[in-house]
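Let me begin by presenting the structure, written as structure tokens, before commenting on it.
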Amino acid sequence: MVRLTSSWCAGVCLVALYAAAAPAADHILTVGGGPIAKSSQISLENNVLYFQRTLAKLGLDKQEHLILFDDGDNPTPDLQYEDVERGPEEVRTLLAEIIGPSNGIRFSYRTSEIPGVSGAAEPEVIEKTIKDLSGRLTGEDRLIFYFTGHGGKSKPGSDRRSEKPKSDEKSEDKDGEKKEGDKKEEPKKRAKPLVNNLTHLWNAKEMTVTDWTEQLDELPKDAPVVAVMVQCYSGGFGNLIFKGGDPENGMAEHPRCGFFSTVPDRVAAGCTPNVQEAEYREYSSYFWEALTGETRTGQSVDKPDFDRDGACSLLEAHAYTVLNADTIDIPTRTSDAFLRNYSATTGREGLLNVHSPIAALLASASPCEVAVIEGLSKQFELTGADRGKDVDEAIKRISDEKKKVDGEIRDKKQDQIKAKVEVAKALQFRWPSLGSPWHPEGARLLAEEADVVKQAILENEKYAEMKAAQDAIDELEKKQEKLNLDVVKLERLKFWLETRALAVNLQVMADEKVEQDYARLIKLESQHLTNTPPAIADKT
């Protein structure tokens, strides 16, 4: 039974001699957290806990699940959360907001509490974990990989390691000594800059796309890997499908696919110290709820089934997220990266683009593509044949409206700052030591006269103005957020229109092998997370 999935998938065999007869089994690898405690928000822990509940609901909770999170089982505080018991009118909070500094005043820290953590989310531990898996997997198994943490963009010079895959180096002449008269080989000029984005790991460590690809190359070549990654700039990891993580090296021999919270050059929604899960809005919340039919807070939702086969595939979960996620994200997947490297919308006569007739773009579209493009169009009542033009006009209209709201927010914030300055002046006129948070007299005041200080703040007429300005800002920011989300959903629609054009154009831009690679990738992305109960992997 060969099965593929949308996180990293893999299996295990009891012993090498028994591998051929061993039934397929799932292995699940979750990596998450932040680089330091101040950047490891409680939402990341809650994402892992929700994923565990998702696996249980899908009948996958008996599978081997390796969890590498923050500092592992170290009891020192490694997780940031918002202290809801520390109210906005607690005297220390008031002083922090009015006089400053206010950094971190609302946050507290504790050790992470994820059951079954295997170790720390550090490169060395990840390498050891994947190496161990590589010795136990067969081509019949799958690895489900979920990353919930922080990410960054490529750094200058990050493409140097990917100029030549390791597999190619082995076949070269071992004699590396230069002989007299040899010319220094000029580095090959890239057609496009390498997107070698990175994941931030515990203890301020990092792993790039190249690093992750080298680790995954250790797995058996027939063992499929499917990733779900929700960090900022996660779309850059679409390059996992290429040798060395570099499109110029061609497709990797390993079957891989992935789903990512956003495109390579944008931050993602989700990381928050907020303890209220009902308020979480991030990619994997929607993705997992599509597969289970249940939100992270236990509410029922209709599972998407755009192709009407009676089940929700990984691709359908991705499409559901694109349609429904109220986030700043433009979700993407590995086939998007593939098309943007092998196809184009310009440079040749007759190529389709976002402004081509919608009928031509959708003529050969999959049910998921039709559902997303028509679904997002319906949300904004876009019906024109030139759907790209409709999108551009809608984005401009909403962006112009948002600029006005942005200006109103700036004005209100100026009013708030002026009022805050007046309150701070009055406080420091009466208690000069409050200007320094470390002054011993300030500590005495907070210990012995906290109520007096608090009353002086609350009774100041400028404090009332400050609060009124904040209330106005809160209302305006709700409107601003709605407008921003509308623009993002329109940008998603434009992205999918472009993807459709690239898919159609691939037939004239690429050779038969590239088309076959694309078809295999789409098949990988279209797998179901679970069809029948999988075998239970041996963990020894």
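In case it helps, my numbering puts the sequence shown at residues 804 to 1343.
Heads up, the beta-carbon is just placed ideally off N, CA and C, and yes, glycines get one too.
**Report entry** Opposing strand residues paired with Val834 [DSSP bridges]
**Finding:** Paired residue(s): Leu871.
Query - Length of the line joining the Cα atoms of Ala899 and Cys1035 - result: If you take the alpha carbons of Ala899 and Cys1035, they lie about 30 Å apart.
Query - Assigned exposure category for Leu1332 - 16 Cβ within 10 Å defines buried - result: Burial call: buried.
Query raised in the report: CB-CB under 6 Å to Thr1135, same chain, minus the five flanking residues each way: which ones, in chain order?
Result: The beta carbon of Thr1135 is closer than 6 Å to those of Gly1038, Phe1063, Val1066 in its chain, skipping five residues each way along the sequence.
Query - Euclidean distance between Cα positions of Ser921 and Leu1179 - result: A direct Cα-to-Cα measurement between Ser921 and Leu1179 gives close to 41 Å.
Query raised in the report: Run through DSSP, which three-state label would Cys1171 get?
Result: Residue state for Cys1171 is assigned as helix, using DSSP reduced to three classes.
Requested in this report: Determine, using beta-carbon pairs with one atom in the segment 1100 to 1110 and one in the segment 1146 to 1162, whether at least three such pairs fall under 8 Å.
Outcome: Short answer: they don't touch.
Report task. Tell me, please, whether the segment 1171 to 1186 touches the segment 1294 to 1305 by the rule of three or more beta-carbon pairs shorter than 8 Å. Result -> Enough Cβ pairs lie closer than 8 Å, so yes.
Report task. Indicate whether Ile902 and Leu1237 have their beta-carbon atoms separated by less than 8 Å. Result -> Cβ atoms of Ile902 and Leu1237: closer than 8 Å.
Report task. Quick one: grab the DSSP three-state call for Lys1326. Result -> Lys1326 carries a helical assignment under DSSP once its states are collapsed to helix, strand and coil.
Requested in this report: Give the straight-line distance between the Cα atoms of Tyr1123 and Ser1087, rounded to the nearest whole angstrom.
Outcome: The straight-line gap separating the alpha-carbon atoms of Tyr1123 and Ser1087 is approximately 11 Å.
Query raised in the report: Taking C-alpha atoms, which residue in Ala1007, Arg889, Phe854, Glu943 lies nearest to Asp881?
Result: The option with the nearest alpha carbon to Asp881 is Ala1007.
Query raised in the report: Using the rule of at least 16 other Cβ atoms within 10 Å of the residue's Cβ for burial, across every protein chain shown, is Lys1192 buried or exposed?
Result: Counting Cβ neighbours within 10 Å, Lys1192 comes out exposed, since fewer than 16 surround it.
Report task. Look at the alpha carbon of Phe1183 and the alpha carbon of Gly942, and state the distance between them as a whole number of angstroms. Result -> C-alpha separation (whole angstroms): 45 Å.
**Report entry** Inter-stretch contact (C-beta, 8 Å, three-pair minimum) for the segment 1240 to 1249 and the segment 1282 to 1298
**Finding:** Too few Cβ pairs lie closer than 8 Å, so no.
Query raised in the report: Do you know offhand how far Arg895's Cα is from Leu1249's?
Result: One C-alpha to the other measures close to 8 Å.
Requested in this report: Taking Ala1313 as the reference, give the member of Arg1151, Ile1212, Asn906 with the closest Cα.
Outcome: Measuring from the Cα of Ala1313, the nearest candidate turns out to be Arg1151.
Query raised in the report: Helix, strand or coil for Ile845 per DSSP?
Result: Ile845: helix per DSSP, three-state reduction.
Query - Close Cβ partners of Glu983 (< 7 Å) along its chain, the five nearest in sequence each way excluded - result: Unreliable placement is indicated for Glu983, whose pLDDT of 46 sits below 50; the coordinate value is still reported in the next sentence. No residues qualify anywhere along the chain.
Query raised in the report: With a CB to CB cut of under 6 Å and the five nearest residues on each side skipped, what residues in its chain are close to Thr951?
Result: Result list for Thr951: Gly835, Leu847, Asn850, Val1033, in chain order.
Query - Where Leu1249 sits in the DSSP three-state scheme - result: In the three-state reduction of the DSSP assignment, Leu1249 falls in the helix class.
Requested in this report: For Gln1330, count neighbouring C-beta atoms within 10 Å of its own C-beta (all shown protein chains included) and say buried if the count is 16 or more, exposed if not.
Outcome: Here Gln1330 is buried. Its C-beta has 16 or more other C-beta atoms within 10 Å.
Query - Contact check, Ile870 vs Thr914, beta carbons under 8 Å - result: Contact flag unset, no.
Query raised in the report: Nearest-angstrom Cα distance between Glu916 and Val1029?
Result: The alpha-carbon atoms of Glu916 and Val1029 are separated by roughly 27 Å.
Query raised in the report: Are the segment 1124 to 1131 and the segment 1070 to 1084 touching, with three or more C-beta to C-beta distances below 8 Å?
Result: As far as the Cβ criterion goes, the segment 1124 to 1131 touches the segment 1070 to 1084, which means the pair count is three or higher.
**Report entry** Simplified DSSP state of Ile947, which is helix, strand or coil
**Finding:** Note: Ile947 maps to strand in three-state DSSP.
Query - Nearest residue (CA-CA) to Gly1048, options Cys1074, Lys1297, Thr1016, Leu1022 - result: Comparing Cα-Cα distances from Gly1048 to each of Cys1074, Lys1297, Thr1016, Leu1022, the minimum goes to Thr1016.
Query raised in the report: When the Cα atoms are used, what is the spatial distance from Val887 to Ile1325?
Result: Going from the Cα of Val887 to the Cα of Ile1325 covers about 45 Å.
Query raised in the report: Who pairs with Phe1062 in a beta bridge, going by DSSP?
Result: By DSSP's assignment, Phe1062 forms a beta bridge with Val1031, Arg1136.
Report task. Locate the beta strand (DSSP E) running through His1158, then write down its first and last residues. Result -> Per DSSP, His1158 lies in no beta strand (DSSP E) segment and is marked neither H nor E.
**Report entry** Nearest residue (CA-CA) to Val1125, options Glu930, His830, Asp1289
**Finding:** Nearest C-alpha to Val1125: Asp1289.
Query raised in the report: Helix or strand or just coil, what does DSSP make of Arg913?
Result: In this structure, Arg913 counts as strand in the three-state DSSP scheme.
Query raised in the report: Ser843: buried (16+ other C-beta within 10 angstroms of its C-beta) or exposed?
Result: Burial call: buried.
**Report entry** Segment contact, 8 Å Cβ cut-off, at least three pairs: the segment 1199 to 1213 with the segment 1253 to 1266
**Finding:** Flag = no, the segment 1199 to 1213 and the segment 1253 to 1266 do not touch.
Query raised in the report: So what's Tyr1345 in DSSP terms, helix, strand or just coil?
Result: The shown model of the chain, from 804 to 1343, leaves out residue 1345, and the question about it has no answer.
Query raised in the report: Using a Cβ-Cβ cut-off of 6 Å (strictly less than) and excluding sequence neighbours within five positions of Pro968, which residues of its own chain qualify?
Result: Confidence at Pro968 is low in this model, with a pLDDT of 43, below 50, so its placement is unreliable and the value that follows should be read with caution. Excluding positions up to five away in sequence, the list reads Lys1046, Gly1047, Asn1052.
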